[in-house]
Amino acid sequence: MSRLHAQISARYARFAENEARGKSPLYEDFAKRIASDLLIIAFLSKLPREKQQPNLLFAAVKYLQGIPREWEDFRSLIQQRGDQIAGIMRARSTQTTNVVVFQFPLLRRS
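In terms of the numbering used here, the sequence shown is numbered consecutively and its last residue is 1026.
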């Protein structure tokens, strides 16, 4: 695994542990799986570093297809529509602030 791939893997593992854990079991599971999935890591490695964010990937997939409930569906979507997902990720950005932390309980319900 290249250094870049290792960095992406670590980023998704951190996201699963520190951001999604206890808030979104689905995204926690997906982020953990992405951290060890060479196909998706290779997909992400083609994007600029600031566009490799877990939130951006999940938002792009949701925008394009809705929220896949199964890992196999999520992974297949990356394989089949990766160019579209990458295009959305390149065109969009995320902004995070500490104030949003207080909205997590509301977001979990939606």
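Where a beta carbon is used, it is the ideal one built from N, C-alpha and C, also for glycine.
### Task
Check whether the Cβ atoms of residue 998 and residue 974 sit closer than 8 Å, and answer yes or no.
Stepping through the sequence shown from its first residue, residue 998 is reached at position 82. Stepping through the sequence shown from its first residue, residue 974 is reached at position 58. Not closer than 8 Å, so no.
### Message
Let me confirm a value: residue 927 is counted as buried when at least 16 other C-beta atoms fall within 10 Å, else exposed. Which label applies?
### Response
Locating residue 927 in the sequence shown gives position 11, counting from the first residue. Buried, because 16 or more other Cβ atoms sit within 10 Å of the Cβ of residue 927.
### Within 8 Å, strictly: CB atoms of residue 948 and residue 976
Along the sequence shown, one-based indexing puts residue 948 at 32. Along the sequence shown, one-based indexing puts residue 976 at 60. Contact flag unset, no.
### Query
Just curious, the alpha helix (DSSP H) that residue 1005 is in, first and last residue?
Here residue 1005 is taken as the residue at index 89 of the sequence shown, counted from 1. Start and end: 987-1007.
### Query
So, is residue 917 buried or exposed, given that buried needs 16 or more other C-beta atoms within 10 angstroms?
As a working mapping, residue 917 is identified with position 1 in the sequence shown. Classification of residue 917: exposed, given that the 10 Å Cβ count is below 16.
### Task
Could you give the DSSP three-state label for residue 939: helix, strand or coil?
Position 23 of the sequence shown, counted from the first residue, corresponds to residue 939. The answer is coil: DSSP assigns residue 939 none of H, G, I, E or B.
### Query
Taking residue 919 as the reference, which of 957, 1008, 1003 and 1009 has the closest Cα?
The residue labelled residue 919 in the question sits at position 3 within the sequence shown. Of the listed residues, the one whose Cα sits closest to residue 919 is 957.
### Task
Could you tell me the distance, in whole angstroms, from the CA atom of residue 963 to the CA atom of residue 1007?
Taking the sequence shown and counting its residues from 1, the one referred to as residue 963 is at position 47. Taking the sequence shown and counting its residues from 1, the one referred to as residue 1007 is at position 91. Computed Cα separation, rounded: 11 Å.
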